[in-house]
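Mapping of the sequence shown onto mature numbering (1 follows the signal peptide of the UniProt record, and there is no 0): residues -18 to -1, 1 to 173, in sequence order. We put the beta carbon where it would ideally sit given N, CA and C, even for glycine. Heads up: the structure comes next, in structure tokens.
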Amino acid sequence: MKLKSVLFFLFLFSISKAQTLDELKVETKKVYDASYNIDFDEILNYSYPKLFELVDRTQMTQVLESNFQNPEFSVSFVYPNPVFTYSELKKINQQTFCIVRYNGAIRMKYEKPLTDQLANGMLTTFKQHMTGKKVTFEKERNSFLIEGESVMIAISDNVTQNKWRFINYDAGQLDFIDKMLTETVRKQLGL
């Protein structure tokens, strides 16, 4: 009888873990689709709420708009259906985390033709600041193609009402990320 009870609880645990991961997969696709479709409101709906303690939602919308759609250039996601990989779910201090990785690419298309000198200078700057990314200038499109692994931190906790919400991980913005997670949590996640 004891063995049946233990097996039953193990079964329930594995089902709840699978449901949580299945839910995460659905939410990951939704947030990526929002990004691919440049739907700023939906992107922000899937952002970890502590972001808005640091930057007002209206300001964040303006930042996204100015970075993705402005008179000088526009940004678009290249791959409509990337393959996501998921770390093990990790519980830390009443929070559940998962690291989501995928190969992504964005294209920055400039409205006015870039001279070779300007394009080469920008290419050098992009390569210096985007370590781990492949950056190519596409002269025929007057655009930069930036490819490489992208990482999101998925979080489910009381702040999110136990729904999965996301932080884009950028090693160049650790101070900003640590304000939402803390350096200790980030390191426990292996980032």
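Does DSSP classify residue i as helix, strand or coil?
{"i": "D56", "result": "In the sequence under discussion, the amino acid at residue 56 is Ser, which differs from the Asp named in the question. Here S56 sits in strand by DSSP."}
{"i": "residue 179", "result": "Because the chain spans -18 through 173 in this model, residue 179 falls outside it and cannot be assessed."}
{"i": "S69", "result": "coil"}
{"i": "M112", "result": "coil"}
{"i": "V8", "result": "helix"}
{"i": "I159", "result": "helix"}
{"i": "V13", "result": "helix"}
{"i": "I25", "result": "helix"}
{"i": "Q41", "result": "helix"}
{"i": "N85", "result": "strand"}
Using 10 angstroms around the beta-carbon of residue i, count the other beta-carbons present and answer buried if the total reaches 16, otherwise exposed.
{"i": "G86", "result": "buried"}
{"i": "V65", "result": "exposed"}
{"i": "F126", "result": "buried"}
{"i": "R147", "result": "buried"}
{"i": "L36", "result": "exposed"}
{"i": "T164", "result": "exposed"}
{"i": "S132", "result": "buried"}
{"i": "T10", "result": "buried"}
{"i": "V167", "result": "buried"}
Could you please give the first and the last residue of the uninterrupted beta strand (DSSP E) stretch that includes residue i?
{"i": "T118", "result": "115 to 120"}
{"i": "L127", "result": "125 to 138"}
{"i": "N150", "result": "147 to 151"}
{"i": "T97", "result": "Segment: none, T97 is in no beta strand (DSSP E) and carries neither H nor E."}
For the alpha helix (DSSP H) containing residue i, name the first residue and the last one.
{"i": "K169", "result": "165 to 170"}
{"i": "L36", "result": "33 to 36"}
For a cutoff of 8 Å on Cβ pairs, would you count residue i as touching chain B?
{"i": "T107", "result": "Absence of chain B from the displayed structure is noted, only one protein chain being present."}
- prompt: Pairing CB atoms from the stretch 78 to 93 with CB atoms from the stretch 35 to 42, are three or more of them under 8 Å?
  reply: Three or more Cβ pairs closer than 8 Å define a contact, and the stretch 78 to 93 falls short of that threshold against the stretch 35 to 42.
Cβ pair count under 8 Å reaching 3, the stretch 127 to 146 against the stretch 72 to 83: With three or more CB-CB distances shorter than 8 Å, the stretch 127 to 146 counts as touching the stretch 72 to 83.
- prompt: Three or more beta-carbon pairs under 8 Å between the stretch 50 to 63 and the stretch 17 to 29, yes or no?
  reply: At 8 Å Cβ cutoff, the stretches touch.
message: Taking 8 Å as the cut-off, does the stretch 23 to 33 touch the stretch 94 to 113 (at least 3 CB pairs, one atom from each stretch)?
response: Contact between the stretch 94 to 113 and the stretch 23 to 33 is absent, because fewer than three Cβ pairs lie under 8 Å.
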